[in-house]
Amino acid sequence: MGWQDRNVYFRDFAYTSRRRARMATGNISEVPAHVFAEYVEPFLTGVDDGASAVPSEGGSRACDEAAVVGGDAMRRSLRLARCPPVRPLAHRLDSHRVFVRALAKMQSDRLLSGPMLDVYVGETKRHWSLHRNLLLHHSERLENELHDNGGKKLNKLELHEYDPAGFELLVKWLYQGRLDDVSNMPDANQKYDYAVSCHKLYLLCDRFDMPQLKNVAMDQYRKGLNEAELVPDAEEIDEIYRQSPDGSPFRRLMARIAARQIMDPDNDRDVETYRQCFENNPDFAVDLVKAIKHGTGGILFADPTEQGDGCEYHDHEAGPNCHIKGKGRQKQGK
């Protein structure tokens, strides 16, 4: 397995996301002169007599007229304006790489500069000092929150209700551009612990409105449970369900995990195991029924109104003949 397979998610400053380009260079006039020259100079150099060119329909006539008008400078100017040179593809690709790398370096320097933001996470108020530009670049919601009504920028962020383990993964992604793959964890317990941290990261991404990283965290969580062959118990499911907002994929995931445990004939967990989930979360029962229907593939149960073993719905103890319950037992006793 190569390094590129171990990187779960890699973020390069050279490439913008699908969202609005925040703090990215949006105008060529913002590029320093030496960077612009480095990119365009190969295309603006003169074309010698042996260079191949593909002029437009009117460009060929203009070049011929330029030769008659006279003057090397005028001919050169017209040829550059009307007869653009066609450079080899490799040369053009290399020039584009230089330009992209230069922009990436500029953006990286910009994001890793400027004022710092003090962040306090969890009940213990664990402290991080992060580059404000970097964090706000990825969260427009947070940028709006860090301005008070007077327009003053706030330099402190308190996240007491979130877990430091999840924020630690967020910091790693911000500065290294990737998350570790849970497959590289040596044993099942570490895989499960890492999956739990990814759930904490998911909650932070939901708080900051970072959908890309949120989806990566979800994938790592599910992968960690699968490879560790462990699932949350009823108490953990109850906590995760309560922490997740209505319609959250994590609510749907918890309901399906519980449904699978209940429907597994080799598992001793039943509906009673999840009583606290029903008591603390009224919607859990609805999601659980939906999960069971989804898991069974819409298989229709047997019709309970059909004639069959009617004693299953009678209010009596098991006996050979429920209609003559007493007499039957007395006769058998003699």
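Residue numbers for the sequence shown follow UniProt numbering, beginning at 1 and rising by one.
Where is the CB? At the ideal position from N, CA and C, for every residue including glycine.
These numbers were taken from a predicted model, which means no experiment stands behind them.
Is the beta carbon of residue i less than 7 Å from the beta carbon of residue j?
i: V182; j: K152; result: no
i: I257; j: V231; result: yes
i: A217; j: A255; result: no
i: L288; j: A259; result: yes
i: D246; j: R141; result: no
i: V121; j: P186; result: no
i: Y241; j: F278; result: no
i: D118; j: K172; result: no
i: L146; j: L154; result: yes
i: residue 406; j: R126; result: Only positions 1 to 334 of the chain appear in this structure, which leaves residue 406 out of reach.
i: Y162; j: L204; result: yes
i: H138; j: L111; result: no
Use the C-beta contact count for residue i: other C-beta atoms within 10 angstroms, 16 or more gives buried, fewer gives exposed.
i: S113; result: exposed
i: R101; result: exposed
i: C198; result: buried
i: G166; result: buried
i: I237; result: buried
i: residue 337; result: Here the chain comprises residues numbered 1 to 334, so residue 337 is not present and cannot be evaluated.
i: K293; result: exposed
i: R251; result: buried
i: Q307; result: exposed
With H, G and I counted as helix, E and B as strand and the rest as coil, what does DSSP make of residue i?
i: Y162; result: coil
i: H314; result: coil
i: S129; result: strand
i: residue 340; result: The requested residue 340 does not occur in the structure, where the chain is confined to residues 1 to 334.
i: K153; result: strand
Can you give me the C-alpha to C-alpha distance between residue i and residue j, rounded to a whole angstrom?
i: V228; j: L253; result: Note on identity: in this sequence residue 228 is Ala, with Val being the wrong assignment. Using only the alpha carbons, I get a separation of about 17 Å.
i: E235; j: E123; result: 21 Å
i: A302; j: E239; result: 35 Å
i: R97; j: N281; result: 54 Å
i: I262; j: L135; result: 43 Å
i: G297; j: L170; result: 38 Å
i: Y194; j: L213; result: 15 Å
i: N267; j: T273; result: 11 Å
i: residue 362; j: T305; result: Lying outside 1 to 334, the shown extent of the chain, residue 362 is not represented and no answer is given.
i: L179; j: K200; result: 14 Å
i: I299; j: K105; result: 57 Å
i: N189; j: Q220; result: 15 Å
i: Y202; j: S95; result: 39 Å
i: D206; j: H314; result: 51 Å
i: S108; j: G177; result: 12 Å
i: P249; j: L103; result: 37 Å
i: R269; j: G295; result: 17 Å
i: K191; j: S244; result: 22 Å
i: D309; j: D233; result: 36 Å
i: V196; j: R275; result: 23 Å
i: E317; j: P211; result: 57 Å
i: E143; j: P265; result: 51 Å
i: C311; j: N215; result: 51 Å
i: E168; j: V271; result: 36 Å
| task | Within the segment 173-249, note down every full alpha helix (DSSP H) run reaching 4 residues or more, in order along the chain. | result | If only complete runs of 4 or more residues are kept, the segment 173-249 shows the alpha helix (DSSP H) at 188-208, 211-228 and 234-243, in order along the chain.
| field | Continuous alpha helix (DSSP H) assignments of at least 4 residues falling wholly in the segment 269-293 | value | The DSSP assignment places complete alpha helix (DSSP H) segments of no fewer than 4 residues inside the segment 269-293 at 275-280, in order along the chain.
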